[in-house]
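Engineer: Before we start, here is the structure in question, set down as structure tokens.
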Amino acid sequence: MNKILILYYSQSGQLTEIVKNFAKPFENSDEYTVTYANIEPVKEFGFPWKGYKFFDAFPESVNRIPCELKPIDLGDENFDLIVFAYSVWYMSPSIPSNSFLLSEQAKRIFKNKPVITLLGVRNMWVVAQEYIKQKIAELGGNLIGNIVLRDRSENLTGIVTISYFLFTGKKDRFLGFFPKPGVSQKDIEGSAEFGEIVKNHFDNNKTETLQNALIEAKAVKINPYLATTEQMAYKRVFTKWSGFILKKGGPDDPARKTRVRIFTYYFPFAILVIAPLEYVFFLIFAPFRLKAIKKDIKYFSGVKLKSSN
Ligand SMILES: Cc1cc2nc3c(=O)[nH]c(=O)nc-3n(C[C@H](O)[C@H](O)[C@H](O)COP(=O)(O)O)c2cc1C
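Residue 334 is where the sequence shown ends in the working numbering, and the numbering goes up by one at each step.
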């Protein structure tokens, strides 16, 4: 009997649905037991989000500062396969998911274990995943597969629809004509197929070829423009702003609040003005960067860390 642990944190229930569909092939097998571990912060962030709170979560997300979590009782804590399912907040793992990875319990359960990462995101996740790859390696885990479910709409449309979703909690069509926000129901249900691929490879001890099979099944798709933009934005913009906000006191410090409020104006400007400009530059320079772009696509589709390549 193989024991699978599925760790996840979901606010809207989107990632919970993904996880449950992914796990179906394991649930339907007598050879597996599935343990779901719902990560819960002591102080909830609140969903749907309120405007200020959404931006106030920015510096701690970007600087990967943990929050306090409710204890999770996992019995003997010895699992054969771990699925770490997470959403991305500001190009970082969501604060509760990251907090779990930084916990003493994570040190105990990840050591020498095969790990699958399963993401439910909008469309910018490669920076977060690089950090997660590093953390799993530090915990002694072995990342064998990565699956990313994303919003398939065009970038700016997706920004409008995810904002509607996050601030109202509704997953219907904004104004009646925008596409539905987030990961589509078809993709959510389709994650059972990825579960099947993982199960087959695990059953047959073929974990080295798992990620290639997942890539073939389109479990991961790299958009080179988004990958380039997010790496630049995280390094040059996000870390600078988070440092600027965190220089002031805790969440109730009026000076921090002022800085967060300034950021609430800068953020839409960056998305609506700077990102499209970046797109134009990306297109202009793309023909001269084809080799680097191809290398990026290959690397970010995989599960290896740059240093261990
Ligand atoms: C504060 C916040 C920041 C987010 N930032 C990103 C991001 O940088 N990249 C991305 O692809 N999705 C981002 N999202 C979308 C989430 O990854 C996720 O798809 C959505 O919140 C639904 O997840 P849930 O199942 O936890 O409700 C963000 C969501 C929130 C709440």
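Built from N, CA and C at the ideal position, the CB exists for glycine as well.
Under 8 angstroms between the Cβ atoms of Leu106 and Ala62?
Structural biologist: Mapped onto the sequence shown, residue 106 falls at position 81. Mapped onto the sequence shown, residue 62 falls at position 37. Against a cut-off of 8 angstroms, the Cβ pair of Ala62 and Leu106 comes out as no contact.
Engineer: Quick one: using the 10 Å Cβ neighbour count with 16 as the cut-off for buried, is Asn334 buried or exposed?
Structural biologist: To locate residue 334, count along the sequence shown from 1; it is residue 309. In this prediction, Asn334 scores a pLDDT of 46, lower than 50, which makes its location untrustworthy; no coordinate-derived value is stated.
Engineer: So, helix, strand or coil for Ala62, using DSSP?
Structural biologist: Within the sequence shown, residue 62 is the residue found at index 37, counting from 1. Reduced to three states, the DSSP call for Ala62 is strand.
Engineer: Looking only at its chain, what residues have a beta carbon closer than 7 angstroms to the beta carbon of Arg284, apart from the 5 residues adjacent to it on each side?
Structural biologist: Translated into the one-based positions of the sequence shown, residue 284 becomes position 259. Excluding sequence neighbours, Arg284 sits near Phe269, Ile270, Lys273.
Engineer: Measuring CA to CA, which of Tyr156, Glu102, Arg261, Tyr291 is closest to Ile120?
Structural biologist: Here the question's residue 120 lines up with position 95 in the sequence shown. Nearest of Tyr156, Glu102, Arg261, Tyr291 to Ile120, Cα basis: Tyr156.
Engineer: Tell me which residue opens and which closes the alpha helix (DSSP H) that Gly76 is part of.
Structural biologist: As a working note, residue 76 is residue 51 in the sequence shown. 76-81 is the span of the alpha helix (DSSP H), which, as asked, contains Gly76.
Engineer: Does the Cβ-Cβ distance between Glu179 and Thr254 come in under 8 angstroms?
Structural biologist: Locating residue 179 in the sequence shown gives position 154, where the first residue counts as 1. Locating residue 254 in the sequence shown gives position 229, where the first residue counts as 1. No, they are not a contact pair.
Engineer: Looking at Ile97 and Val59, is the spacing between their C-beta atoms short of 8 angstroms?
Structural biologist: Taking the first residue of the sequence shown as 1, we reach residue 59 at position 34. Taking the first residue of the sequence shown as 1, we reach residue 97 at position 72. Not a contact, by the Cβ cut-off of 8 angstroms.
Engineer: Would Val328 and Leu168 qualify as a contact pair, given that the criterion is a beta-carbon distance under 8 angstroms?
Structural biologist: As a first step, residue 328 is located in the sequence shown; it is residue number 303 there, counting from the start. As a first step, residue 168 is located in the sequence shown; it is residue number 143 there, counting from the start. Yes; because the gap between Cβ atoms is below 8 angstroms, this pair is in contact.
Engineer: Quick check on Glu85: buried or exposed, where buried means 16 or more other Cβ atoms within 10 Å of its Cβ?
Structural biologist: Sequence index remark: in the sequence shown, residue 85 carries index 60 (1-based). Under this definition Glu85 is a buried residue.
Engineer: Given 7 angstroms as the limit, tell me if Gln39 has its C-beta closer than that to any heavy atom belonging to ligand 1.
Structural biologist: The residue you call residue 39 lines up with position 14 of the sequence shown. For ligand 1, at least one heavy atom lies less than 7 angstroms from the Cβ of Gln39.
Engineer: Per DSSP, what kind of secondary structure is Pro139 in: helix, strand or coil?
Structural biologist: As a working mapping, residue 139 is identified with position 114 in the sequence shown. Strand at Pro139.
Engineer: Using a Cβ-based criterion (distance less than 7 angstroms to any ligand heavy atom), does Phe79 qualify as near ligand 1?
Structural biologist: The sequence position of residue 79 within the sequence shown is 54, counting from 1. Yes, the Cβ of Phe79 comes within 7 angstroms of a heavy atom of ligand 1.
Engineer: Which one of Phe325, Leu181, Phe219 has the shortest CA to CA distance from Gly207?
Structural biologist: Within the sequence shown, numbered from 1, the residue matching residue 207 stands at position 182. It is Leu181 whose Cα lies nearest to the Cα of Gly207.
Engineer: Where Asp277 and Tyr324 are concerned, what is the direct C-alpha to C-alpha distance, given to the nearest angstrom?
Structural biologist: Walking along the sequence shown from the start, residue 277 turns up at place 252. Walking along the sequence shown from the start, residue 324 turns up at place 299. C-alpha separation (whole angstroms): 41 angstroms.
Engineer: Exposed or buried, what is Ser54 when buried is set at 16 or more other beta-carbons lying within 10 Å of its beta-carbon?
Structural biologist: Residue mapping note: residue 54 aligns to position 29 of the sequence shown, counting from 1. So Ser54 counts as exposed.
Engineer: Could you tell me if Asp101 is buried or exposed, where buried requires 16 or more neighbouring beta carbons within 10 angstroms of its beta carbon?
Structural biologist: For this step, residue 101 is matched to residue 76 along the sequence shown. Exposed, because fewer than 16 other Cβ atoms sit within 10 Å of the Cβ of Asp101.
Engineer: Suppose you measure from the CA of Glu163 to the CA of Pro50; what does that come to, to the nearest Å?
Structural biologist: On the sequence shown, position 138 is the one that residue 163 refers to. On the sequence shown, position 25 is the one that residue 50 refers to. Cα to Cα, the separation comes out at about 30 angstroms.
Engineer: Using 7 angstroms as the cut-off, classify the Cβ of Ser188 as near or not near the heavy atoms of ligand 1, replying yes or no.
Structural biologist: For the purposes of this step, residue 188 is taken as residue 163 along the sequence shown, with counting starting at 1. Result no, Cβ not under 7 angstroms from ligand 1.
Engineer: Is the segment 241-252 close to the segment 32-47, with three or more CB pairs under 8 angstroms?
Structural biologist: Contact fails: fewer than three Cβ-Cβ distances are below 8 angstroms.
Engineer: Take Phe341 as the anchor and find which of Phe83, Asn123, Asn27, Ile296 has the nearest alpha-carbon.
Structural biologist: Any property of residue 341 remains undetermined from this structure, which presents the chain solely from 26 to 334.
Engineer: Sort Ala280, Asp176, Ala131 by Cα distance to Ile64 and report the nearest one.
Structural biologist: The count along the sequence shown starts at 1 and reaches residue 64 at position 39. The shortest C-alpha separation from Ile64 is found at Ala131.
Engineer: Which class does Pro84 belong to by DSSP, given the choice of helix, strand or coil?
Structural biologist: On the sequence shown, residue 84 is found 59 positions in, with the first residue counted as 1. Note: Pro84 maps to helix in three-state DSSP.
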